[in-house]
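A.B. asks:
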Amino acid sequence: MTLSRRQVLKASGAAAALAAVGTPSRLFAQEKLKVAAIYTVPFEQQWVSRIHKAANAAKDRGDIEYVATENVSNTDYERVMREYAEAGNKLIVGEVFGVEEAARSVAADYPDTAFLMGSSFKPDDKNPNFAVFDNYIQDASYLTGIVAGAMTRSKNIGMVGGFPIPEVNRLMHAFMAGVKETAPDAKFQVAFIGSWFDPPKAKETAFAQIDGGADIMYAERFGVSDAAKEKGVLAIGNVIDTQADYPETVVASALWHFEPTLDKAIAEVKAGTFKAADYGVYSFMKEGGCSLAPLGTFEGKVPADVMAMVADKEKAIKDGSFTVAINDDEPKSS
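Read in order, the letters of the sequence shown are residues 5 to 338 in my numbering.
(1) Rounded C-beta distance between Val328 and Ile150? I'm assuming under 8 Å.
(2) In terms of residues, what are the limits of the beta strand (DSSP E) holding Ile96?
(3) What's the call for Lys126, buried or exposed, on a 16-neighbour Cβ count within 10 Å?
(4) List the endpoints of the continuous alpha helix (DSSP H) containing Trp200.
(5) Within the same chain, show all residues whose beta-carbon is closer than 7 Å to that of Met155, passing over the 5 residues directly before and after it, in chain order.
(6) Does DSSP put Val25 in a helix, in a strand, or in coil?
(7) Leaving out five residues on either side along the sequence, give the residues of the same chain with a beta carbon under 8 Å from the beta carbon of Ser16.
(8) To the nearest angstrom, how far is it from the Cα of Asn131 to the Cα of Pro115?
(9) Could you tell me the distance, in whole angstroms, from the CA atom of Glu334 to the CA atom of Pro170?
(10) Could you tell me which residues DSSP pairs with Val164 in its beta bridges?
(11) Is the beta carbon of Val39 less than 8 Å from the beta carbon of Glu69?
(12) Val45 and Trp200: beta carbons closer than 8 Å?
(13) Less than 8 Å between the beta carbons of Glu105 and Ser123, yes or no?
(14) Going straight from the alpha carbon of Lys184 to that of Ala152, what length do you get?
(15) Starting from Lys317, trace the beta strand (DSSP E) both ways and give me its first and last residue.
(16) Taking just the CA atoms, how far does Glu90 sit from Asp113?
(17) For the 8 Å Cβ check, are there 3 or more pairs between the stretch 138-150 and the stretch 174-183?
(18) In its own chain, which residues sit with a C-beta less than 8 Å from the C-beta of Ala72, not counting the 5 before and 5 after it?
(19) Compare the Cα-Cα distances from Gly284 to each of Gly166, Asn139, Glu224, Lys317 and report the closest residue.
Structure, rendered in structure tokens:
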């Protein structure tokens, strides 16, 4: 594309203005930001669906242009990152849990592009344009645990996760801590399926735990609630609200709201101040990054005193008088 002399002068003037005020980044503002996203799983997968939803909301507001690619393999991730950077996207979002080193290497080659990536690691000085995030929704997960502890009769709870990595582990631990508030003698069956999206495997794992006495399932992965529904036991949702899909099964869900995280990044890029930072804090409840989903058909079925406890804990979390512990260690059956 050939730029006119006027466009060149305008761009040069903007760059000079940013340099003059000592901005910490060479990223420049533009009216409608070009944003691209790279996902290793389908758009409908829980975690990715929340990022995709937030990006589409920003697009509908007219803040950004948005393109995305789903089901990108780890071996192809670097290529797609480079293609989006070469295409002029100024903010690239994704999840690099399996391609951390390659992703940071790509970011180093495109210093004028902002990268906001789901990661178990922290930002570093080598990549000033590479910020990280994770779904720190332990606050909402803890509240769902309080509900689950009140609803279990067998005091045996099944938990099926994808991989035992920090972003999964911390939510499981928070849920278990919540359960102990209302069922201190509860036991847990914990299993990981080794996949982010394998509903049949998650379902079979859940069946085994239900056969082992679990009467409430923590559905960290798709497929678990299906098993719970078929076996006539209850389930707790994670990241998204599936109550309408499982009205007699899903009691409560911890919702992740990615909007605060993405909106902060968009604002920083537009201001020319985007830098390496940990955006995980924007998933906290006090930042509006997570919440307890409405109980739907279970409204009135959870004891009133338990819901009063949930309300008190939520208030304390939001005002900072109570902090849900963040434990990234792999949870074990007990």
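Glycine is no exception: its CB is placed at the ideal position from the N, C-alpha and C atoms.
None of these values were measured; they are calculated from a predicted model.
C.D. replies: On the basis of the data shown:
(1) Not a contact, Cβ separation roughly 11 Å.
(2) It spans 95-99 - the beta strand (DSSP E) in which Ile96 sits, taken as one unbroken run.
(3) Lys126 sits exposed, since fewer than 16 C-beta atoms from the chains shown fall within 10 Å of its C-beta.
(4) Looking at the DSSP string, Trp200 is not in any alpha helix (DSSP H), and its letter there is neither H nor E.
(5) Ile220, Leu238, Val255, Val306
(6) Residue confidence is low: Val25 scores 39 on pLDDT, short of 50, so the model does not pin down where it sits. No coordinate-derived value is stated.
(7) Only weak support is given to the placement of Ser16: the predicted model assigns it a pLDDT of 41, under 50, and the value that follows is read from those uncertain coordinates. The answer is none, since no qualifying residue turns up.
(8) 8 Å
(9) 8 Å
(10) Answer is Ala195, Ala223, bridged to Val164.
(11) yes
(12) yes
(13) no
(14) Spanning the two alpha carbons is a distance of roughly 10 Å.
(15) From DSSP, Lys317 is part of no beta strand (DSSP E) but of the alpha helix (DSSP H) over 308-323.
(16) 11 Å
(17) Touching, per the Cβ criterion.
(18) Closer than 8 Å at the Cβ level, and outside the excluded window around Ala72, lie Ala40, Ala41, Ile42, Tyr43, Phe47, His56, Ala59.
(19) Nearest to Gly284 by alpha-carbon distance, out of Gly166, Asn139, Glu224, Lys317, is Asn139.
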